[in-house]
Amino acid sequence: MRKDEAWEGVVTAKSRNMPDGSNLYHYLEVEFTDGKTRKIRVKGSLWDSLRVGDRIIKHAGSDPAKK
Numbered sequence: 091m092r093k094d095e096a097w098e099g100v101v102t103a104k105s106r107n108m109p110d111g112s113n114l115y116h117y118l119e120v121e122f123t124d125g126k127t128r129k130i131r132v133k134g135s136l137w138d139s140l141r142v143g144d145r146i147i148k149h150a151g152s153d154p155a156k157k
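Its first residue numbered 91, the sequence shown is counted upward by one per residue in the working numbering.
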């Protein structure tokens with residue numbers, strides 16, 4: 091996910107992973123309004139506030155947020 095991207099979608103899945111053994115990363119699978127699906131990494135606080143089915147939006151130059 092790049093800072094200049096803008097999109098909107100629905101959370102279809104949530105996951106966490108600790109690939110290096112010391113950092114916990116939070117991921118959301120998002121289905122965008124154009125029908126494409128992508129797994130994105132988000133901050134833990136946003137991950138905690140979202141459930142499957144929630145809408146999420148990202149404006150260019152900002153972090154994703156719950157809609």
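Glycine is no exception: its CB is placed at the ideal position from the N, C-alpha and C atoms.
In this structure, residue 133 lies away from residue 117, with their beta-carbon atoms at least 7 Å apart. Remark: C-beta atoms of residue 156 and residue 140 approach each other more closely than 7 Å. Sixteen is the threshold: since fewer than 16 other Cβ atoms of the shown chains lie within 10 Å of the Cβ of residue 143, the residue is exposed. By the CB criterion at 7 Å, residue 115 and residue 131 fall inside the cutoff.
Spanning the alpha carbons of residue 151 and residue 108 requires a straight line of approximately 27 Å.
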